[in-house]
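Q: My questions will all concern the structure given below.
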Amino acid sequence: MSHLRFREVEVAFNREPVKVEIPKQVPSEYYGMYVFNRQTMYKYLPKQTYDALTDAIDNKKPLDREVADSVAAGMKQWAIDNGVTHYTHWFHPLTDGTAEKHDSFIEHDGKGGVIEEFSGKLLVQQEPDASSFPNGGIRNTFEARGYSAWDISSPAFIHDNTLCIPTIFIAYSGESLDYKTPLLRALNSVDKAGTAVAQYFDPEVKHVHSYLGWEQEYFLVDEALYAARPDLVMTGRTLMGHESAKNQQLEDHYFGAIPMRVEEFMLDLEIECHKLGIPAKTRHNEVAPNQFELAPVFEETNLANDHNLLLMKVMAEVARRHHFRVLLHEKPFAGINGSGKHNNWSLGTDTGIMLFKPGKTIKENLRFITFICNVMNAVYNYNGLLKASIASATNAHRLGANEAPPAIISMFLGKQVSDVLDSLVSSDKDDNLKIAGKEELNLKVSQIPELLLDNTDRNRTSPFAFTGNRFEFRAVGSSANCASAMIALNAAVAEQLTKFKEKVDARVAKGEELDDAILAEDKLLIEESMPIHFDGNGYSDEWKAEAQRRGLDCETSVPVIYDAYLDEKAINMFKTTGVFSEIELKARNEVKWEMYTKKVQIEARVFGDLALNHIIPVATRYQSILLDNVFKIKSLFPKEQGEKIAAQDMANIEKMAQHMQFIKDKTSEMVEARKVANKIEDQRAKAVAYHDTVVPYLDAIRYHIDKLELMVDDEMWPLPKYRELLFIR
Ligand code: ADP
Ligand code: MG
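Counting from 1, one number per residue, gives the positions in the sequence shown under full-length UniProt numbering.
The structure is reproduced here in structure tokens:
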């Protein structure tokens with residue numbers, strides 16, 4: 001086996017960069033060439049169809065059948081012109097990632113031949129036999145009755161010679177079985193609620209859009225080394241491995257020169273992204289060795305999320321061309337930084353106003369403060385839920401470690417905004433009136449310097465930070481579907497904005513001036529949500545204690561964190577915003593618990609196999625070499641001298657024996673714990689059992705394996721080591 005390791009190291013080491021052919025055109029010419037965007041639509045659709053479709057998209061109207069038929073015909077022609085033979089309804093099941101079922105365009109022509117056929121019906125709706133997708137018991141598996149329906153707000157695209165139609169996936173009974181459906185519902189609800197409040201400031205506003213700019217972090221590992229690590233292949237992370245002598249201490253990787261092989265990969269990926277209309281913009285090294293990041297220009301949230309999901313798939317494909325494997329796991333390597341996917345999020349109006357951007361006039365700043373306060377309150381009220389929205393078996397390894405925000409959601413506002421809010425709360429009624437009367441500007445509401453705000457102190461330890469014109473939800477994991485976080489956040493903010501509007505309207509009905517009413521409610525929100533505001537060091541232990549005192553959700557067990565979806569407040573919020581019914585919430589939690597259990601279960605199995613069948617045999621062999629040596633020494637040298645010479649080996653033999661004993665004992669205990677947990681029927685209880693009784697073994701045993709790695713002859717060690725995985729590229 002160790003021969004395999006060295007062979008793979010050699011292969012990886014000698015690899016040359018795979019040169020990428022740079023397109024002759026400039027990016028603006030090939031940008032979106034695989035997307036059925038408005039330009040292409042205009043070319044391929046009759047004018048009437050084009051108008052009807054864009055009207056339906058812009059004004060969120062349903063498509064009638066005739067239009068759908070005409071769109072399908074144009075889309076098919078475009079696809080065929082691009083060499084496409086198949087089409088698929090592309091959807092986002094509750095596993096992370098995407099799913100598709102490919103059908104060819106071919107239909108019988110009734111004369112013994114075939115024709116290329118693609119009707120409006122096939123475009124708009126499909127019935128994937130998707131019985132094996134998780135559904136939390138909503139759909140009886142043997143019935144397999146779910147269907148996918150075209151989401152016209154996200155354009156169709158071509159990938160791998162297939163026409164991909166972004167769709168929602170729902171059960172016949174109407175419950176969503178995917179991420180996209182509730183995301184669209186949440187966006188709709190924040191649109192409504194946001195518009196109502198934005199109209200206080202500008203009656204022309206007709207829609208409020210939610211924007212998302214994700215920053216995708218990832219690791220690259222050479223494919224040969226990857227193949228020699230069963231844990232990476234099976235679980236996406238290394239379950240064992242001692243830190244290498246050089247890690248990220250020098251911080252020389254961050255923003256350092258990008259290695260050549262990687263650079264070619266990034267270039268290739270970017271070209272691919274641009275062809276698919278994904279606005280990839282920045283790329284750079286991340287903190288850890290072999291860790292990188294790609295960020296696009298932000299887009300409307302639904303589209304941005306489709307693009308992120310597509311990106312994750314394309315990344316894996318492009319990486320293969322360069323003999324890399326992409327690791328999207330949140331914590332592929334212990335002891336160095338994990339990977340996140342910061343979700344930069346904002347709201348903006350269809351009149352072009354960014355609602356989290358301070359303005360120049362008092363009125364504009366009152367609007368700014370109003371939206372900030374409402375977000376603050378939503379994040380405060382639903383801090384446990386927001387944490388649940390990003391919690392997973394894999395992200396659990398990243399949160400709470402000293403590199404990512406802790407498993408507590410708090411909000412960073414920066415000094416300037418904090419000062420403004422403080423002075424608002426401490427000011428008396430007279431000051432308010434001055435604002436209303438637009439007289440002397442006593443309050444700092446009018447004095448937030450726009451440019452300075454863009455440079456808010458960058459507190460990297462906060463899970464939810466205000467960064468000038470947006471919030472950055474940093475706790476999201478690198479492998480996650482951003483929709484989960486975006487659903488919870490947009491829905492919570494929608495509910496809050498609706499409540500806010502009711503209260504302001506009630507004041508106005510009683511005769512208060514609108515501006516005064518708004519300011520009074522803003523003040524109440526600031527006071528109420530004070531506990532969520534924390535600008536200090538989120539990594540510190542003091543903060544954990546302080547957060548507890550403030551009553552923030554400090555739960556760290558992922559299966560228990562999921563309970564936040566089912567507390568009364570959340571059920572009610574999701575119901576009133578129309579995002580989830582109680583049935584859906586319950587079903588989804590079943591899926592979450594089940595996924596948690598499965599992930600840990602797989603890790604435990606792979607771990608057991610590696611420990612007993614890879615590590616122990618090698619350690620035993622090495623131990624036996626030492627024993628042999630001791631035996632020879634003792635038989636050659638006089639007793640006392642022999643003992644002295646063999647002392648070191650003897651000590652190592654004993655230490656190794658202890659480590660091995662621990663590994664063997666604890667591995668069987670872990671198997672027993674799994675057996676006990678597996679008998680539990682209830683999904684929540686099972687996941688909790690896995691968390692409480694199985695997970696602790698993984699770390700405990702790993703410690704001893706990593707110690708053995710330091711003792712056993714390097715030439716015999718079977719698994720590629722951290723230094724090889726992290727520094728060869
Ligand atoms: P940093 O690494 O400093 O956090 P980056 O420039 O890497 O920032 O990424 C910032 C991301 O935030 C980009 O995807 C960018 O498009 C996005 N972004 C910028 N402004 C907004 C906004 N108003 N709303 C949503 N996303 C935004
Ligand atoms: Mg960021």
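Note that CB positions come from ideal geometry on N, CA and C, so glycine has one too.
Report back the beta-carbon spacing between L726 and F324 to the nearest angstrom; my notes put them in contact at under 8 Å.
A: About 13 Å separates the two Cβ atoms, so there is no contact after all.
Q: For S410 and S462, which I take to be in contact (beta-carbon distance under 8 Å), what is that distance rounded to the nearest angstrom?
A: That pair is a contact at about 6 Å.
Q: Check whether the Cβ of N344 sits closer than 6 Å to any heavy atom of ligand 1, and report yes or no.
A: Within the cutoff, so yes.
Q: Excluding the five sequence neighbours on either side, which residues of its own chain have a C-beta within less than 6 Å of the C-beta of P166, listed in chain order?
A: These residues qualify, in order along the chain: W90, D151, S154 and D306.
Q: Is the Cβ-Cβ distance between T162 and H92 less than 7 Å?
A: No, Cβ-Cβ distance for T162 and H92 is not below 7 Å.
Q: Any idea if E272 is buried or exposed, counting beta-carbon neighbours within 10 angstroms, 16 or more meaning buried?
A: So E272 counts as buried.
Q: Below 7 Å between beta carbons: does that hold for Y622 and N589?
A: Cβ atoms of Y622 and N589: not closer than 7 Å.
Q: Does the beta-carbon of F368, which I'm using as the reference point, lie nearer than 6 Å to any heavy atom of ligand 1?
A: No - ligand 1 has no heavy atom lying nearer than 6 Å to the Cβ of F368.
Q: Are the beta-carbon atoms of D706 and H242 separated by less than 7 Å?
A: Contact: yes.
Q: Within the continuous alpha helix (DSSP H) that includes Y622, where are the two ends?
A: Here the alpha helix (DSSP H) through Y622 covers I616 to L636.
Q: Determine whether the beta carbon atoms of N490 and L187 lie at a separation below 7 Å.
A: The answer is yes: Cβ separation under 7 Å.
Q: Can you tell me the Cα-Cα spacing of M75 and Y172, whole angstroms?
A: So the two alpha carbons sit approximately 27 Å from each other.
Q: Please find out if some non-hydrogen atom of ligand 1 comes closer than 6 Å to the beta-carbon of G213.
A: Checking every heavy atom of ligand 1 against the Cβ of G213, one is found closer than 6 Å.
Q: Hey, is F298 close to ligand 1, as in C-beta under 6 Å from one of its heavy atoms?
A: Yes, the beta carbon of F298 sits closer than 6 Å to at least one heavy atom of ligand 1.
Q: CB D191 to CB V205, shorter than 7 Å?
A: Not in contact: D191 and V205 (Cβ atoms no closer than 7 Å).
Q: Going by alpha carbons, who is nearest to A388 out of I258, H533 and C554?
A: Nearest of I258, H533 and C554 to A388, Cα basis: C554.
Q: For I106, does the count of other Cβ atoms within 10 angstroms reach 16, so buried, or fall short, so exposed?
A: Exposed is the call here.
Q: Which whole-angstrom value is the C-beta distance of M240 and L610, which I expect to be below 8 Å?
A: Right, the Cβ-Cβ distance comes to about 7 Å (below 8 Å), so this counts as a contact.
Q: By a C-beta neighbour count over all protein chains shown, 10 Å radius and 16 as the cutoff for buried, is K61 buried or exposed?
A: The residue in question, K61, is exposed, as its Cβ has fewer than 16 Cβ neighbours within 10 Å.
Q: Could you please give the first and the last residue of the uninterrupted alpha helix (DSSP H) stretch that includes H704?
A: Run containing H704: V695 to M711, per the alpha helix (DSSP H) assignment.
Q: So what does DSSP say about E116, is it helix, strand or coil?
A: Strand, per DSSP.
Q: Bridge partners of G146, per DSSP?
A: In DSSP, G146 forms a bridge with A171.
Q: Using the rule of at least 16 other Cβ atoms within 10 Å of the residue's Cβ for burial, across every protein chain shown, is F607 buried or exposed?
A: With 16 or more other Cβ atoms within 10 Å, it is buried.
Q: Apart from the five residues just before and just after D350, which ones in its own chain have a Cβ nearer than 8 Å to its Cβ?
A: Cβ within range, chain order: V205, K206, H207, V208 and H209.
Q: Could you check whether V197 and L497 sit closer than 7 Å to each other, using their CB atoms as the reference points?
A: It is a contact, given that the beta carbons lie within the stated cut-off.
Q: Y31 and H274: beta carbons closer than 7 Å?
A: The answer is yes: Cβ separation under 7 Å.
Q: Mapping the DSSP letters down to three states, classify W543 as helix, strand or coil.
A: Of the three classes helix, strand and coil, the one that applies to W543 here is helix, per DSSP.
Q: Check whether the segment 581-595 touches the segment 657-666, counting contact only when three or more Cβ pairs, one atom from each stretch, lie closer than 8 Å.
A: The segment 581-595, when compared against the segment 657-666, does not touch it at the 8 Å Cβ threshold.
Q: Looking only at its chain, what residues have a beta carbon closer than 8 Å to the beta carbon of R304, apart from the 5 residues adjacent to it on each side?
A: Position check: residue 304 holds Ala in this sequence, whereas Arg was assumed. Around A304: Y211, L212, G213, W214, P296, F298 and C482.
Q: Taking DSSP as the reference, what is the three-state secondary structure of A86?
A: A quick correction: the sequence has His, not Ala, at residue 86. Three-state DSSP puts H86 in a strand.
Q: Three-state secondary structure (DSSP) at S346?
A: In the structure shown, S346 sits in a strand (DSSP, three-state: E or B).
Q: Would you mind reading off the limits of the alpha helix (DSSP H) that contains G194?
A: Counting along the chain, the alpha helix (DSSP H) containing G194 begins and ends at K180 to A198.
Q: Note down the Cα distance separating S119 from E127, rounded to an integer number of angstroms.
A: Between S119 and E127, the C-alpha separation is close to 15 Å.
Q: With a threshold of 6 Å, establish whether the CB of A480 neighbours any heavy atom of ligand 1.
A: Every heavy atom of ligand 1 is 6 Å or more from the Cβ of A480, so no.
Q: From D713 to V618, what does the alpha carbon distance come to, in whole angstroms?
A: Between D713 and V618, the C-alpha separation is close to 9 Å.
Q: In its own chain, which residues sit with a C-beta less than 6 Å from the C-beta of D81, not counting the 5 before and 5 after it?
A: Closer than 6 Å at Cβ, skipping near neighbours: no residue.
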